[in-house]
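Structure first, then comments.
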Amino acid sequence: MPRRTMIEAIRDAMDVSMGRDSKVVVFGEDVGFFGGVFRCTQGLQAKYGKSRCFDAPINESGIVGSAIGMAAYGLKPCVEIQFADYMFPAYDQLTQEAARLRYRSNGDFTCPIVVRMPTGGGIFGGQTHSQSPEALFTHVSGLKTVVPSNPHDAKGLLIAAIEDPDPVIFLEPKRLYNGPFDGHHDRPVTPWSKHELGEVADGHYTVPLGKAAIRRAGSALTVLAYGTMVYVAQAAVEETGIDAEIIDLRTLLPLDLDTIVASVRKTGRCVIVHEATLTSGFGAELSALVQENCFYHLEAPVARVAGWDTPYPHAQEWDYFPGPARVGRALIETMEA
Amino acid sequence: MADAGMLRFHVPEPEVRPGGTPDFSNVQIPKAGSVPRPDIDVDPRTIRDHAFSIIRVLNRNGEAVGPWAGLLSSDELLAGLRHMMTLRTFDARMQMAQRQGKTSFYMQHLGEEAVACAFRKALEPGDMNFPTYRQAGLLIADGYPMVTMMNQIYSNEADPLKGRQLPVMYSSKEHGFFSISGNLATQYIQAVGWAMASAISNDSKIAAAWIGDGSTAESDFHSALVFASTYKAPVVLNVVNNQWAISTFQGIARGGSGTFAARGLGFGIPSLRVDGNDYLAVHAVAKWAAERARNNLGPTLVEYVTYRAGAHSSSDDPSAYRPKTESDAWPLGDPIVRLKNHLIQLGVWSDERHAQAEAEILDTVIAAQKEAESHGTLHAGGKPSTRDMFEGLYAEMPPHLRRQRQQAGV
Numbered sequence: 073m074p075r076r077t078m079i080e081a082i083r084d085a086m087d088v089s090m091g092r093d094s095k096v097v098v099f100g101e102d103v104g105f106f107g108g109v110f111r112c113t114q115g116l117q118a119k120y121g122k123s124r125c126f127d128a129p130i131n132e133s134g135i136v137g138s139a140i141g142m143a144a145y146g147l148k149p150c151v152e153i154q155f156a157d158y159m160f161p162a163y164d165q166l167t168q169e170a171a172r173l174r175y176r177s178n179g180d181f182t183c184p185i186v187v188r189m190p191t192g193g194g195i196f197g198g199q200t201h202s203q204s205p206e207a208l209f210t211h212v213s214g215l216k217t218v219v220p221s222n223p224h225d226a227k228g229l230l231i232a233a234i235e236d237p238d239p240v241i242f243l244e245p246k247r248l249y250n251g252p253f254d255g256h257h258d259r260p261v262t263p264w265s266k267h268e269l270g271e272v273a274d275g276h277y278t279v280p281l282g283k284a285a286i287r288r289a290g291s292a293l294t295v296l297a298y299g300t301m302v303y304v305a306q307a308a309v310e311e312t313g314i315d316a317e318i319i320d321l322r323t324l325l326p327l328d329l330d331t332i333v334a335s336v337r338k339t340g341r342c343v344i345v346h347e348a349t350l351t352s353g354f355g356a357e358l359s360a361l362v363q364e365n366c367f368y369h370l371e372a373p374v375a376r377v378a379g380w381d382t383p384y385p386h387a388q389e390w391d392y393f394p395g396p397a398r399v400g401r402a403l404i405e406t407m408e409a
Numbered sequence: 051m052a053d054a055g056m057l058r059f060h061v062p063e064p065e066v067r068p069g070g071t072p073d074f075s076n077v078q079i080p081k082a083g084s085v086p087r088p089d090i091d092v093d094p095r096t097i098r099d100h101a102f103s104i105i106r107v108l109n110r111n112g113e114a115v116g117p118w119a120g121l122l123s124s125d126e127l128l129a130g131l132r133h134m135m136t137l138r139t140f141d142a143r144m145q146m147a148q149r150q151g152k153t154s155f156y157m158q159h160l161g162e163e164a165v166a167c168a169f170r171k172a173l174e175p176g177d178m179n180f181p182t183y184r185q186a187g188l189l190i191a192d193g194y195p196m197v198t199m200m201n202q203i204y205s206n207e208a209d210p211l212k213g214r215q216l217p218v219m220y221s222s223k224e225h226g227f228f229s230i231s232g233n234l235a236t237q238y239i240q241a242v243g244w245a246m247a248s249a250i251s252n253d254s255k256i257a258a259a260w261i262g263d264g265s266t267a268e269s270d271f272h273s274a275l276v277f278a279s280t281y282k283a284p285v286v287l288n289v290v291n292n293q294w295a296i297s298t299f300q301g302i303a304r305g306g307s308g309t310f311a312a313r314g315l316g317f318g319i320p321s322l323r324v325d326g327n328d329y330l331a332v333h334a335v336a337k338w339a340a341e342r343a344r345n346n347l348g349p350t351l352v353e354y355v356t357y358r359a360g361a362h363s364s365s366d367d368p369s370a371y372r373p374k375t376e377s378d379a380w381p382l383g384d385p386i387v388r389l390k391n392h393l394i395q396l397g398v399w400s401d402e403r404h405a406q407a408e409a410e411i412l413d414t415v416i417a418a419q420k421e422a423e424s425h426g427t428l429h430a431g432g433k434p435s436t437r438d439m440f441e442g443l444y445a446e447m448p449p450h451l452r453r454q455r456q457q458a459g460v
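Chains as they are written, first to last, in this note's numbering: chain G, 73 to 409; chain W, 51 to 460.
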């Protein structure tokens, strides 16, 4: 099976979708002729023409707002916000319009759009190229929120998102674009060509939204993670030698609660890991759900390892990013609790 | 360098406040028929004056004059008069129903009836409007059932939106009326996107965007003009300048710009101002803009100069911020009276027939109201089920919502 980077897998997902359905259109800043600042849309304009893949003015609200209008017409726009940090001008359109259109019109109008956004840190991106705003989307009824962690899932989830009849926020951890990253910034990064999840089938396939994946089976403890933190958790588990079960959530909303609950009831312990800031982050929702659903099985308090409650700094990148050492400490403390 | 002194902060003020004498002497009203009608493929740079003048057809004697006249038959004009009268009667009854506690909220169109009613007749079936909350005339003029509108206002068991939306936030794809949102200006850029989609699909349909004077200050107004200009989208960008945004006079949104139409010029969009209380002028300009869009000539911005004669909403008391008699002093008059006088002048209408039509329309609206109330009002009779609250958010209900629906006991 061919191996692809996450960038190539995402591009392939759009290529496959555009080839199958003439209603799929792709646009955003630098997305057309240039093929995107991360190369995710390279070649699509040449292959499908400027009516299907085009450059947009630098106006996030305009990009999402026009996509909503296109969706109301009957197209399936898959648009890009260059960095998740820059989605805020579009937040009104996403939360008050895209998320509500089906509900408020009782199905008279619908909004099958996908909004792709590179997300996450670990790249010396500083305050406005590193944020993880997923909790600002999972809090909004009517949206679906997806975060892939590898090329195989990225392609399958993106095709599923494009085919989904509802608006999907598709957060792409840019730290994982070229290879998995476990937080050991002092070591060379292995490319996706060396990783089994870099195997991406040609043609059409989907990974269903709302289904988590168990990355490592274990019996001592459950780690809930998504995006880059899946690999950080794997490194922490190897380094501590704790027999943890690592769940890659893949879709944050709708959430695969059944997989989470089954795992925590089995292990009795749970550590939640995300890059986003701690307070009111998605980990708080996960922690509450685990507590509500697994209370009588819990042998230790649910732990959360997250970004600190500060803006994402530049020089202090590795003091901020929740790396394997911090995650490992939480694993040990939870086992000892 | 000379001492410039202290800076002074500027806040625009309306000419008159409550207790003062209404004064519209600053509003320059060109003579009917005096503004030329350019070809639809005109170079926008050559008609910049159209963004500062006012296109008018009906003169003081009720005659239709000038290059924008002559598009509508007397039967079409009689239908237009009926639409406007129906909307005004509908408004009065629903305003009263709100006062009687049958619904929580209502917004009237008093004085602005010509704008949406005449515009609707410039569109073709399949075109899509992206209205604000003050364009119900689009529905009335397209024959949307009044009973259904009332069912929505009452949030009753027959409400097509299942009680989820505030009153007057209608939605009808079938009638080319996009779902209304409470968030101002959001639909303006969505209209442009819809028009882009029609062009992408090599369709022949066009979109119409709607916004009020106050909401032009929202950033989505700018977004819409940029996108419409960049992609030459087949869209008519309507600005209804009724002088007031709740309590805020239009100068707060407009600032130093001469007109709202002038905003379009910086985007290279042909921009026209029209007498919003002149049914014939509104229709003629709308038709011109629609033809431009349909002929792939791109967007047009139209500013309708009118006056919000009623309160902003059923929750508003305008006497707190403007003279009570200001609407009487409005120099462009009343759109219904002006069309009525024109039809009388044409010899196809009379005061007697007008009075008779008023009575007939009132009967029709009251009959519709009775039928709607048989399905319930906000606090009495049939209402949408609690179950409906959970339905229709997603195409398929996700597990967490199923759990919450069970918790709610439905």
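Don't be surprised by glycine CBs; every beta carbon is placed ideally from N, CA and C.
(1) My assumption, with CB atoms under 8 Å, is that Val290 (chain W) sits in contact with Gly262 (chain W). Please give the rounded CB distance.
(2) Should Ala274 (chain W) and Tyr238 (chain W) be called a contact, given that it needs their Cβ atoms to be closer than 7 Å?
(3) Determine whether the Cβ of Ile319 (chain W) lies closer than 7 Å to any Cβ atom of chain G.
(4) From Ala379 (chain W) to Thr71 (chain W), what does the alpha carbon distance come to, in whole angstroms?
(5) Return the residue from the list W:Trp260, W:Val332, W:His429 and W:Arg143 that minimises the CA-CA distance to Leu122 (chain W).
(6) If you compare alpha carbons, which of G:Trp380, G:Leu296, G:Ala387 and G:Asp164 is closest to Ser359 (chain G)?
(7) Measuring straight from C-alpha to C-alpha, what distance separates Pro284 (chain W) and Trp260 (chain W)?
(8) Suppose you measure from the CA of Arg138 (chain W) to the CA of Ala430 (chain W); what does that come to, to the nearest Å?
(9) DSSP three-state label for Ala267 (chain W), please.
(10) Give me, in chain order, the residues of the same chain whose beta-carbon lies closer than 6 Å to that of Arg398 (chain G); leave out the 5 immediate sequence neighbours on both sides.
(11) Please check if any C-beta of chain G sits within less than 7 Å of the C-beta of Trp244 (chain W).
(12) Just to confirm the assignment, what range does the alpha helix (DSSP H) spanning Lys420 (chain W) have?
(13) On the premise that Tyr371 (chain W) lies in contact with Ser297 (chain W), defined as a C-beta separation below 8 Å, what is that separation, rounded to the nearest angstrom?
(14) Take Ala295 (chain W) as the anchor and find which of W:Ala168, W:Thr280, W:Val398 and W:Ala267 has the nearest alpha-carbon.
(15) Quick one: complete alpha helix (DSSP H) runs, 4+ long, within the stretch 314-369 of chain W?
(16) Taking only beta-carbon positions, decide if Ser154 (chain W) is within less than 7 Å of chain G.
(17) Which class does Lys216 (chain G) belong to by DSSP, given the choice of helix, strand or coil?
(18) Using C-beta distances below 8 Å, list every residue in its chain close to Leu329 (chain G), excluding the 5 sequence neighbours before and after it, in chain order.
(19) Are three or more beta carbon pairs between the stretch 272-286 of chain G and the stretch 381-398 of chain G nearer than 8 Å?
(20) Relative to chain G, which residues along the stretch 431-459 of chain W have a C-beta separation below 7 Å, given in chain order?
(21) In terms of residues, what are the limits of the beta strand (DSSP E) holding Gly91 (chain G)?
(22) Counting only C-beta atoms, is Arg14 (chain W) closer than 7 Å to chain G at any point?
(23) Note the first and the last residue of the continuous beta strand (DSSP E) segment covering Asp127 (chain G).
(24) Tell me the residue span of the beta strand (DSSP E) that contains Glu244 (chain G).
(25) Is Val272 (chain G) helix, strand or coil by DSSP?
(26) Measure the CB-CB distance between Gly161 (chain W) and Gly116 (chain W) and report whether it falls below 7 Å.
(27) Going along chain G, which residues have a C-beta under 9 Å from Thr236 (chain W)?
(28) When DSSP labels each residue in this structure, what does Ala157 (chain W) get in the three-state scheme?
(29) With Leu173 (chain G) and Ile140 (chain G) assumed to form a contact (beta carbons below 8 Å), what rounded beta-carbon distance in angstroms separates them?
(30) In three-state DSSP terms, what is Asn131 (chain G)?
(31) Just to confirm my understanding: we take Gly275 (chain G), look at its own chain, exclude 5 residues before and 5 after, and list those with CB closer than 8 Å. What are they?
(32) Looking at the C-beta of Ser221 (chain W), does it have a partner C-beta in chain G at a distance below 7 Å?
(33) Counting pairs of beta carbons, one from the stretch 422-436 of chain W and one from the stretch 204-221 of chain W, are three or more of them closer than 8 Å?
(34) Could you give the DSSP three-state label for Glu224 (chain W): helix, strand or coil?
(35) Which runs of the beta strand (DSSP E), 3 residues or longer, sit entirely within the stretch 329-381 of chain G?
(36) With respect to the beta strand (DSSP E) encompassing Lys227 (chain G), which residues constitute its N-terminal and C-terminal limits?
Inspection of the coordinates gives the following:
(1) For the purposes of this step, residue 290 (chain W) is identified with residue 240 of the second sequence, where counting begins at 1. For the purposes of this step, residue 262 (chain W) is identified with residue 212 of the second sequence, where counting begins at 1. Yes, they are in contact, since the Cβ atoms of Val290 (chain W) and Gly262 (chain W) sit about 5 Å apart, within 8 Å.
(2) Residue numbering aside, residue 274 (chain W) sits at position 224 when the second sequence is read from its first letter. Residue numbering aside, residue 238 (chain W) sits at position 188 when the second sequence is read from its first letter. Yes, the pair counts as a contact, with Cβ atoms nearer than the cut-off.
(3) If you number the second sequence from 1, residue 319 (chain W) lands on position 269. No, its Cβ sits nowhere closer than 7 Å to a Cβ of chain G.
(4) In the second sequence, the residue the question calls residue 379 (chain W) occupies position 329. In the second sequence, the residue the question calls residue 71 (chain W) occupies position 21. Roughly 9 Å between the two C-alpha positions.
(5) As a working mapping, residue 122 (chain W) is identified with position 72 in the second sequence. Checking every option, the nearest Cα to that of Leu122 (chain W) belongs to W:Val332.
(6) Translated into positions along the first sequence, residue 359 (chain G) becomes position 287. Nearest option by C-alpha distance: G:Leu296.
(7) Taking the first residue of the second sequence as 1, we reach residue 284 (chain W) at position 234. Taking the first residue of the second sequence as 1, we reach residue 260 (chain W) at position 210. Looking at the two C-alpha atoms, the distance is approximately 14 Å.
(8) Counting from 1 along the second sequence, the entry for residue 138 (chain W) is found at position 88. Counting from 1 along the second sequence, the entry for residue 430 (chain W) is found at position 380. About 26 Å.
(9) As a working note, residue 267 (chain W) is residue 217 in the second sequence. Correct three-state label for Ala267 (chain W): helix.
(10) As a position in the first sequence, residue 398 (chain G) is number 326, starting the count at 1. Result list for Arg398 (chain G): Val377, in chain order.
(11) Position 194 of the second sequence, counted from the first residue, corresponds to residue 244 (chain W). True, the Cβ-Cβ gap to chain G drops below 7 Å.
(12) Translated into the one-based positions of the second sequence, residue 420 (chain W) becomes position 370. Residues Asp401 to Glu423.
(13) Here residue 297 (chain W) refers to the residue found at position 247 when the second sequence is read from its first residue. Here residue 371 (chain W) refers to the residue found at position 321 when the second sequence is read from its first residue. Between Tyr371 (chain W) and Ser297 (chain W) the Cβ distance is about 4 Å, and since that is below 8 Å, they are a contact.
(14) Position 245 of the second sequence, counting from 1, holds the residue named residue 295 (chain W). When each option's Cα is compared against that of Ala295 (chain W), the closest is W:Ala267.
(15) 329-344
(16) Walking along the second sequence from the start, residue 154 (chain W) turns up at place 104. No - not a single Cβ of chain G is within 7 Å of the one on Ser154 (chain W).
(17) Here residue 216 (chain G) is taken as the residue at index 144 of the first sequence, counted from 1. If DSSP states are grouped into helix, strand and coil, Lys216 (chain G) belongs with the strands.
(18) What you label residue 329 (chain G) is simply residue 257 of the first sequence in a count that begins at 1. So the list reads Leu361 and Asn365, once near-sequence residues are dropped.
(19) no
(20) Gly442, Leu443, Tyr444, Ala445, Pro448, Pro449 and His450
(21) Position 19 of the first sequence, counted from the start, is the residue given in the question as residue 91 (chain G). First-last for Gly91 (chain G): Met78 to Arg92, but that is the alpha helix (DSSP H), not the beta strand (DSSP E).
(22) This structure cannot speak to residue 14 (chain W), because chain W is shown only from 51 to 460.
(23) Position 55 of the first sequence, counted from the start, is the residue given in the question as residue 127 (chain G). Segment Cys125 to Asp127, the beta strand (DSSP E) holding Asp127 (chain G).
(24) For the purposes of this step, residue 244 (chain G) is identified with residue 172 of the first sequence, where counting begins at 1. First-last of the beta strand (DSSP E) with Glu244 (chain G): Val240 to Pro245.
(25) To locate residue 272 (chain G), count along the first sequence from 1; it is residue 200. It is coil, neither helix nor strand.
(26) To locate residue 161 (chain W), count along the second sequence from 1; it is residue 111. To locate residue 116 (chain W), count along the second sequence from 1; it is residue 66. Contact: no.
(27) Start at 1 with the first residue of the second sequence, and residue 236 (chain W) comes out as number 186. Per Cβ cutoff of 9 Å: Ser133, Gly137, Ile140, Asp164, Gln165, Gln168 and Glu169.
(28) Translated into the one-based positions of the second sequence, residue 157 (chain W) becomes position 107. Note on identity: in this sequence residue 157 (chain W) is Met, with Ala being the wrong assignment. Here Met157 (chain W) sits in coil by DSSP.
(29) By 1-based counting over the first sequence, the position of residue 173 (chain G) is 101. By 1-based counting over the first sequence, the position of residue 140 (chain G) is 68. The Cβ separation is near 7 Å, so the contact holds.
(30) Numbered from 1 along the first sequence, position 59 holds the residue referred to as residue 131 (chain G). Of the three classes helix, strand and coil, the one that applies to Asn131 (chain G) here is coil, per DSSP.
(31) The residue labelled residue 275 (chain G) in the question sits at position 203 within the first sequence. Closer than 8 Å at Cβ, skipping near neighbours: Val88.
(32) Stepping through the second sequence from its first residue, residue 221 (chain W) is reached at position 171. Output row for Ser221 (chain W): interface = yes.
(33) yes
(34) Position 174 of the second sequence, counted from the start, is the residue given in the question as residue 224 (chain W). Correct three-state label for Glu224 (chain W): coil.
(35) 342-349 and 375-379
(36) Position 155 of the first sequence, counting from 1, holds the residue named residue 227 (chain G). Careful: Lys227 (chain G) lies outside any beta strand (DSSP E), inside the alpha helix (DSSP H) at Pro223 to Glu235.
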